[in-house]
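Asks: Mind looking over this structure? Questions follow.
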Amino acid sequence: MIPDVNADRLWQSIIDMAEIGPIPGNGNCRMALTPEDTAARALFLRWCQPLGLRHEQDAIGNMFLRRAGTDAAVPAVAFGSHLDTVPTGGRFDGTAGVLAGLEVLRALEDAGLRTKAPLELVNWMNEEGSRFHPAMMGSRVAAGALSLDAALAVTDNAGISVAHALAESGQAGPLSPMPRDWTAWLELHIEQGPVMEETSTDIGIVTGTMHARYFNLTIVGEPSHVGTTAIGRRRDSLAAAAAVILAVEQIALTAEPDGRASATWIENTPNARGNVAHITRLHCDVRHNEAARSVAMEASLRQALSEITARRQVHIDIDPYATFGPILFDAGLGALLRRKANDRQLTTRDMTAAAGHDSVFVAPLCPSAMLFVPSVAGITHNPAEYSTKEQVARGAQVMLDAVLDLAG
Ligand SMILES: [Zn+2]
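According to my numbering, the sequence shown is numbered sequentially starting from 23.
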């Protein structure tokens, strides 16, 4: 007999967790390794205590809670997410995944069921990256994609290092961060978009991530006087940047609904009221569900930049400093989640993750999959972020059913 998750208990845990680091409008601020994040971790451990889990923690602050299986020789089935939030966060991003994992373990404990494989519930450190860059820091370090030393040296706006924050909060564990003995990894997360609600989907089967390409642009013109220089004689880097921003928006409009493009950051020199600007730095990115399409979006961007360069007599230096994805999640695990959802008469839909998640860094290490539950009105990273009790419970149930299948 496969046990049911306790929807009320899971919901109450989400409500109780949200009391730590509350902000107006039912939101949460629990940035990584702050006193609020530390309190959330302590509450999480307190909830794990009656379940007889083995608690391990690594040097970057990732938490691993292991429920023993009947066969110690079998590698673990792992699941979880993150308890940290952005400064104006909601109650569900990350937290729903950790607490759904906790509910899986609680339901098994209630039912007196022990799996063959051990189960491991994870709270990754600093998924959001709001206080310390880069995001997904804990999973990134555990996967070997960022060295522990480099991560420890990162500082926040106040100059406090990750190393210092870990020590001060007591969250630096004795283990060295490394891939663990997992046969499978599952992460439940809120969708953070409106598609599931619009299509009446209960469970999103996340097949992979978008492919993103990031650019630092430096637009160089010529300094001149705003009063005495006729428009036709100017080489105005800020006006050129405006043209670039609109070109990026046009590329985005053309790529919808499966693509996105954004110009997000600008720095202007000399940024003085009486001067035509001559150096403007701009950050932008293009992304698409299909890698080939994001490459084509980059080509459109470069085409637009060369036209702007010629028309406005500026030089544009393009630094394509980073790319991301596409990560493809394990098709077999996706099929398992789909089957388990269908067995419960739940509707599913294959989806691509547009945001970063810890699972992106776990995916190269072991078969991995994500499942989404709906976000009401698609609102996220906002105090109004909401999923219903039933929506979260359905996701937790599918996860429990899949975990039992995987762990025997
Ligand atoms: Zn998240």
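We put the beta carbon where it would ideally sit given N, CA and C, even for glycine. Predicted model, so just to flag it, every value in this text is computed and none were measured.
By a C-beta neighbour count over all protein chains shown, 10 Å radius and 16 as the cutoff for buried, is Thr117 buried or exposed?
Replies: Counting Cβ neighbours within 10 Å, Thr117 comes out buried, since at least 16 surround it.
Asks: Determine the direct distance from the alpha carbon of Arg89 to that of Pro46, and round the result to whole angstroms.
Replies: In a straight line, the C-alpha of Pro46 is about 37 Å away from that of Arg89.
Asks: Put Cys70 into one of helix, strand or coil per three-state DSSP.
Replies: Helix, per DSSP.
Asks: Which residues, in chain order, sit with a beta-carbon under 5 Å away from any heavy atom of ligand 1?
Replies: My final list is Asp115 and Gly116.
Asks: In this structure, how does DSSP classify Trp33 when only helix, strand and coil are distinguished?
Replies: In the structure shown, Trp33 sits in a helix (DSSP, three-state: H, G or I).
Asks: Can you list, in chain order, the stretches of the alpha helix (DSSP H) that have 4 or more residues and sit fully within the region 338–409?
Replies: For the region 338–409, whole alpha helix (DSSP H) runs of length 4 or above, ordered along the chain, are 353–365 and 381–384.
Asks: Identify the residues that DSSP records as bridge partners of Thr240: which are they?
Replies: In DSSP, Thr240 forms a bridge with Arg303 and Asp339.
Asks: Relative to the C-alpha of Arg295, which candidate in Ala206, Ala175, Ala139 and Leu260 has its C-alpha closest?
Replies: Checked all of Ala206, Ala175, Ala139 and Leu260; the closest Cα to Arg295 is Leu260.
Asks: Measure the C-alpha to C-alpha separation of Gly111 and Ala129 and round it to an integer number of angstroms.
Replies: Going by the C-alpha atoms only, they are around 28 Å apart.
Asks: Below 8 Å between beta carbons: does that hold for Ala122 and Val382?
Replies: Contact: no.
Asks: Near Leu210, what residues of its chain come up, given a Cβ to Cβ distance below 6 Å and the 5 sequence neighbours on each side ignored?
Replies: Gly119, Ala122, Leu393, Gly417 and Met421, listed in sequence order.
Asks: For Ile330, which of helix, strand or coil comes out of DSSP?
Replies: Helix.
Asks: Distance check for Gly91 and Val384, CA to CA, integer angstroms please.
Replies: Between Val384 and Gly91, the C-alpha separation is close to 22 Å.
Asks: Considering only the alpha carbon of each residue, which of Ala157, Thr56 and Pro109 lies closest to Gly192?
Replies: With distances taken between Cα atoms, Gly192 lies closest to Thr56.
Asks: Using C-beta distances below 8 Å, list every residue in its chain close to Glu271, excluding the 5 sequence neighbours before and after it, in chain order.
Replies: Counting only Cβ-Cβ distances below 8 Å, and skipping sequence neighbours, we find Ala283 and Ala285.
Asks: Kindly list the residues whose CB is nearer than 6 Å to the CB of Ile227, restricted to its own chain and excluding five residues on each side of it in sequence; keep chain order.
Replies: Only Gly356, Leu359, Arg360, Thr370 and Asp372 meet the Cβ criterion.
Asks: For Ser397, tell me which candidate among Phe114, Pro72 and Asp26 has the shortest Cα-Cα distance.
Replies: Among Phe114, Pro72 and Asp26, the Cα nearest to that of Ser397 belongs to Phe114.
Asks: Closer than 6 Å by C-beta to Gly243: which residues in its own chain qualify, once you throw out the five before and the five after it? Chain order, please.
Replies: Only Arg257, Asp258, Ser259, His300 and Val336 meet the Cβ criterion.
Asks: Starting from Gln79, trace the alpha helix (DSSP H) in both directions and tell me its first and last residue.
Replies: Segment Arg76 to Gln79 is the beta strand (DSSP E) holding Gln79; no alpha helix (DSSP H) there.
Asks: Quick check: the Cα distance between Tyr236 and Thr402, rounded to an integer number of angstroms?
Replies: Straight-line Cα distance between these residues: approximately 23 Å.
Asks: What are the start and end residues of the alpha helix (DSSP H) that includes Gly119?
Replies: It spans Thr117 to Ala133 - the alpha helix (DSSP H) in which Gly119 sits, taken as one unbroken run.
Asks: With a 10 Å radius around its C-beta and 16 neighbouring C-beta atoms as the bar for buried, classify Leu239 as buried or exposed.
Replies: Buried.
Asks: Could you tell me the boundaries of the beta strand (DSSP E) in which Leu143 lies?
Replies: Leu143 -> beta strand (DSSP E) spans Leu141 to Asn145.
Asks: What are the uninterrupted segments assigned as beta strand (DSSP E) that are 3 or more residues long and contained completely in the region 273–299, given in chain order?
Replies: 281–291, all fully within the region 273–299.
Asks: Taking 8 Å as the cut-off, does the region 171–187 touch the region 154–161 (at least 3 CB pairs, one atom from each stretch)?
Replies: The region 154–161 is in contact with the region 171–187.
Asks: Do you know offhand how far Thr177's Cα is from Val163's?
Replies: If you take the alpha carbons of Thr177 and Val163, they lie about 16 Å apart.
Asks: For Leu426, report the span of its alpha helix (DSSP H) as first-last.
Replies: First-last of the alpha helix (DSSP H) with Leu426: Lys411 to Ala429.
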